[in-house]
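Peer 1: Mind looking over this structure? Questions follow.
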Amino acid sequence: MSTSSSASAPREQWQSQMGFILAAVGSAIGLGNIWRFPGVAYTNGGGAFLIPYLVALLTAGVVYLLFDWALGHRYRGSAPAIFRRIHPRFEPLGWFQVGICFAIITYYAVIVAWSVRYIGFSMSRAWGDDPAGFFTGDFLRLIPSADAHITGSPVPGVFWPLVAVWAFVTLIMALGVAGGLEKMNKIFLPTLLVMFVGMVVRAVTLPGAVQGLNSFFTPDWSALTDPQVWVQAYAQIFFSLSVMFGIMVTYASYLPRRANLAPTSFVVAFSNSSFELLAGIGVFSTLGFMAARQGIAVSELEGITGPILSFVTFPQVISLMPGGQLFGVLFFGSLSLAGITSLVSLIQVVTAAVQEKFDTGRTASSVAVGLVAALASTWLYSTSNGLNMLDVVDNYVNNIGVVASAIVTVVLVVLVARRLPELHHHINDHSAQGVGKWWPLFAAVITPIVLAVMLALTILELLQKGYGDYPSWFNNAFGWGSLGTLILGSIIFSLIPWRSSVDHFRPAELAGMDPHPYEHHQNPDALTATAPQETR
Ligand code: PFF
206 MSTSSSASAP REQWQSQMGF ILAAVGSAIG LGNIWRFPGV AYTNGGGAFL
256 IPYLVALLTA GVVYLLFDWA LGHRYRGSAP AIFRRIHPRF EPLGWFQVGI
306 CFAIITYYAV IVAWSVRYIG FSMSRAWGDD PAGFFTGDFL RLIPSADAHI
356 TGSPVPGVFW PLVAVWAFVT LIMALGVAGG LEKMNKIFLP TLLVMFVGMV
406 VRAVTLPGAV QGLNSFFTPD WSALTDPQVW VQAYAQIFFS LSVMFGIMVT
456 YASYLPRRAN LAPTSFVVAF SNSSFELLAG IGVFSTLGFM AARQGIAVSE
506 LEGITGPILS FVTFPQVISL MPGGQLFGVL FFGSLSLAGI TSLVSLIQVV
556 TAAVQEKFDT GRTASSVAVG LVAALASTWL YSTSNGLNML DVVDNYVNNI
606 GVVASAIVTV VLVVLVARRL PELHHHINDH SAQGVGKWWP LFAAVITPIV
656 LAVMLALTIL ELLQKGYGDY PSWFNNAFGW GSLGTLILGS IIFSLIPWRS
706 SVDHFRPAEL AGMDPHPYEH HQNPDALTAT APQETR
């Protein structure tokens, strides 16, 4: 029934602990670190933001990174397989996470394609003296948001780089976890670090950098009493660390049995945040230079976050400074590398699920996922309506889909299936230094409350005000519509029968704990002696 590379074959594995760490850090460090963190920190209290940020890092970041890793390492499967192994009725949650990742990859790849294209544009400063007009006009040929349509006309300048990105990532996926993802991260992540540090060093030596850094770090202590600031800190950590929507679960499922989970989670979380801080320093030094050149204060600058920061403000700076071309190559090169290492982690969630559900080989699953996603990605986003659609889908899928996925995961795994003590034991059984009682406390009680408040505030605001200045039918169709499609899709996919032996699995026994109270498989035959104890 199965070929040597199919899901029934021994599970793929990271070749080394370092390989896993680099892949996890590569997933965490992405566009969000470079263009999201600096602006979020600046507008939410500057230096004072670091306090809620650090609290969120420890109480949500590390806590849910470990939660994901414990699930993935213990139940060794793709997201749908893992949740099904916990309870057969939980499978739709796994598919919901796969759906979120699928939705994100279709537009994340587009931003990576823009970044790759802008490496070339930097060399010739193709935007001339109007980077804003160039980005939305010559390059994207964008329809204004208030006139957003269902489709737009094709934009070849985006289409071809996007095809190249998809060809590259599909190849990496087909080469497998160790041969593709691990090798790529081992090369890309150090390269990213060198390029980015080079960019930051140049930025801090620019005239005006000090003013930029002052405005970034000057603490506004009153921000600490604003609940919105705390919500923003948690949102940033969630987005930035890629937790609770399938990625870290999937990556941890390829760890060898012997692993060192808890200490590694601190390494990954702090590496990601250090990079984020470095990005804040680089971006605000650059903004300081720009403000000085224009003779205005940093607070008067516009375009300090998101795509506009990267594709309009940075090009302006590149044109203004001596040696700007090299600075541009370093910046857009970093953006491309950070994006690609995150993109592959998102795709792996989808590929692993398809591979296991349909028992197709690694290559076939990678090519199938690559093709379908590339088609959706080019069809939806390499058009003159692309940025509008991307903006709306991203806002709803990220701010509602990802947070809802986290809350539902906690409710199902912790409250309904009562697996928290088991996961806690698993972490401590697989860590040189375990975690104390604070871990279940934050995982099950405190952080879910913060997340629920966050979700309620977001939904309320979107229902009342809509999003951006898009027509409301557009927000409804592509924002709420994407979420509805994800829910429907997860139910439909759960109804399709598995072609691999997903239920023939039993988690390893835990030292000092009887695992049986937690086991209720729908098929007791699956637990007979003939069933493998666990796939490797
Ligand atoms: N953590 C990565 C980033 O900060 O860009 C990857 C990622 C997270 C991508 C969340 C997309 C996303 F919605």
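According to our numbering, the sequence shown is numbered sequentially starting from 206.
Ideal Cβ positions, reconstructed from N, Cα and C, are used throughout, including at glycine.
(1) Run the CB neighbour count on G606, radius 10 Å, all protein chains shown included, and call it buried at 16 or more, exposed below.
(2) Taking contact to mean 3 or more Cβ pairs, one atom from each stretch, closer than 8 Å, check whether the stretch 514-532 and the stretch 272-279 are in contact.
(3) Just to confirm the assignment, what range does the alpha helix (DSSP H) spanning W703 have?
(4) May I ask which residues mark the beginning and end of the alpha helix (DSSP H) holding V559?
(5) Between V574 and V555, which are expected to be in contact by the criterion C-beta below 8 Å, what is the C-beta distance as a whole number of angstroms?
(6) Using the rule of at least 16 other Cβ atoms within 10 Å of the residue's Cβ for burial, across every protein chain shown, is M521 buried or exposed?
(7) Pull up the DSSP beta-bridge partners for A359, would you.
(8) Determine, using beta carbons only, whether I486 and V415 come nearer to each other than 7 Å.
(9) Cβ-heavy atom distance between I309 and ligand 1 below 6 Å?
(10) Rounded to whole angstroms, what is the Cα-Cα separation between L506 and P243?
(11) CB-CB under 7 Å to M594, same chain, minus the five flanking residues each way: which ones, in chain order?
(12) Per DSSP, what kind of secondary structure is R216 in: helix, strand or coil?
(13) So, helix, strand or coil for M718, using DSSP?
(14) Tell me which residue opens and which closes the alpha helix (DSSP H) that D674 is part of.
(15) Select from F494, A464, G686, P512 the residue whose C-alpha is nearest the C-alpha of L271.
(16) Alpha helix (DSSP H) containing I348: first to last residue?
(17) Evaluate contact between the stretch 596-613 and the stretch 372-389, counting only Cβ atoms and requiring at least three cross-stretch pairs below 8 Å.
(18) Beta-carbon within less than 6 Å of A212's beta-carbon, same chain only, minus the 5 sequence neighbours each way: which residues are those?
(19) In whole angstroms, give me the CA-to-CA distance for N590 and V598.
(20) Can you check whether the CB of I324 is closer than 7 Å to the CB of V534?
(21) Sort Y313, G362, P297 by Cα distance to G694 and report the nearest one.
(22) With three or more C-beta pairs closer than 8 Å as the rule, is the stretch 472-479 touching the stretch 494-501?
(23) Would you say the beta carbon of L693 is closer than 6 Å to some non-hydrogen atom of ligand 1?
(24) Taking C-alpha atoms, which residue in E217, F516, H709, K642 lies nearest to G384?
(25) What do you get for Q433, buried or exposed, if any count of 16 or more other CB atoms within 10 angstroms of its CB means buried?
(26) Short of 7 Å in beta carbon distance, which residues of its chain neighbour S470, apart from the five on each side in sequence? Order them along the chain.
(27) Does the beta-carbon distance from R241 to G381 come in below 7 Å?
(28) For A637, does the count of other Cβ atoms within 10 angstroms reach 16, so buried, or fall short, so exposed?
(29) For W219, which residues of its own chain have a beta-carbon under 8 Å away from its beta-carbon, when the five flanking residues on both sides are left out?
(30) Across the stretch 418-433 and the stretch 250-258, are there enough close Cβ pairs to call them in contact, namely three or more that are closer than 8 Å?
(31) Tell me whether S447, by its Cβ, gets closer than 6 Å to a heavy atom of ligand 1.
(32) Which residue marks the beginning of the alpha helix (DSSP H) containing W300, and which one marks its end?
(33) Within 10 Å of its beta-carbon, does E627 have 16 or more other beta-carbons around it, so buried, or fewer, so exposed?
Peer 2: In short:
(1) On the sequence shown, position 401 is the one that residue 606 refers to. G606 should be labelled buried.
(2) no
(3) Position 498 of the sequence shown, counted from the first residue, corresponds to residue 703. Element bounds for W703: n/a, residue is neither H nor E.
(4) The residue you call residue 559 lines up with position 354 of the sequence shown. First-last of the alpha helix (DSSP H) with V559: 529-563.
(5) As a first step, residue 574 is located in the sequence shown; it is residue number 369 there, counting from the start. As a first step, residue 555 is located in the sequence shown; it is residue number 350 there, counting from the start. Contact holds; Cβ gap of about 5 Å.
(6) The sequence position of residue 521 within the sequence shown is 316, counting from 1. Note on identity: in this sequence residue 521 is Gln, with Met being the wrong assignment. Looking at its Cβ environment, which holds 16 or more other Cβ atoms inside 10 Å, Q521 is buried.
(7) The residue you call residue 359 lines up with position 154 of the sequence shown. Checking the displayed sequence, the identity of residue 359 turns out to be Pro instead of Ala. In the DSSP output, where bridge partners are listed per residue, P359 has T588.
(8) One-based indexing of the sequence shown puts residue 486 at position 281. One-based indexing of the sequence shown puts residue 415 at position 210. Cβ distance not < 7 Å, so I486 and V415 don't count as in contact.
(9) Against the sequence shown, residue 309 aligns to sequence position 104. True, at least one ligand heavy atom lies under 6 Å from that Cβ.
(10) Mapped onto the sequence shown, residue 506 falls at position 301. Mapped onto the sequence shown, residue 243 falls at position 38. Near 14 Å, if we compare the C-alpha coordinates of P243 and L506.
(11) Numbered from 1 along the sequence shown, position 389 holds the residue referred to as residue 594. Hits under 7 Å: L585, Y586, F683.
(12) The residue you call residue 216 lines up with position 11 of the sequence shown. It is coil, neither helix nor strand.
(13) The residue you call residue 718 lines up with position 513 of the sequence shown. Residue state, collapsed to three classes: strand.
(14) Walking along the sequence shown from the start, residue 674 turns up at place 469. Looking at the DSSP string, D674 is not in any alpha helix (DSSP H), and its letter there is neither H nor E.
(15) Locating residue 271 in the sequence shown gives position 66, where the first residue counts as 1. Out of F494, A464, G686, P512, A464 has the C-alpha closest to the C-alpha of L271.
(16) Working through the sequence shown from its first residue, we reach residue 348 at position 143. Looking at the DSSP string, I348 is not in any alpha helix (DSSP H), and its letter there is neither H nor E.
(17) no
(18) Taking the sequence shown and counting its residues from 1, one reaches residue 212 at position 7. Low local confidence applies: a pLDDT of 46 at A212 is under 50, so the model's placement there is unreliable, with the coordinate-based value given in what follows. The answer, listed in chain order, is Q560, E561, D564, S705.
(19) Taking the first residue of the sequence shown as 1, we reach residue 590 at position 385. Taking the first residue of the sequence shown as 1, we reach residue 598 at position 393. Each residue's alpha carbon lies about 12 Å from the other.
(20) Translated into the one-based positions of the sequence shown, residue 534 becomes position 329. Translated into the one-based positions of the sequence shown, residue 324 becomes position 119. Yes, they are a contact pair.
(21) Residue numbering aside, residue 694 sits at position 489 when the sequence shown is read from its first letter. Cα-wise, what sits closest to G694 is P297.
(22) no
(23) Locating residue 693 in the sequence shown gives position 488, where the first residue counts as 1. No.
(24) Here the question's residue 384 lines up with position 179 in the sequence shown. Closest option to G384, Cα to Cα, is E217.
(25) Against the sequence shown, residue 433 aligns to sequence position 228. It is exposed - the Cβ of Q433 has fewer than 16 other Cβ atoms within 10 Å.
(26) The residue given as residue 470 occupies position 265 in the sequence shown. For S470, where only same-chain residues beyond five positions count, the Cβ hits under 7 Å are V267, L270, L271, W274.
(27) Reading the sequence shown from its first residue, position 36 is the one you call residue 241. Reading the sequence shown from its first residue, position 176 is the one you call residue 381. Not a contact, by the Cβ cut-off of 7 Å.
(28) By one-based count along the sequence shown, residue 637 stands at place 432. So A637 counts as exposed.
(29) Position 14 of the sequence shown, counted from the start, is the residue given in the question as residue 219. Correct list, in chain order: F225, A228, V382, A383, E387, Y459, L460, P461.
(30) yes
(31) Position 242 of the sequence shown, counted from the first residue, corresponds to residue 447. The answer is yes for S447.
(32) Translated into positions along the sequence shown, residue 300 becomes position 95. W300 -> alpha helix (DSSP H) spans 296-329.
(33) As a working mapping, residue 627 is identified with position 422 in the sequence shown. Flag for E627 reads buried.
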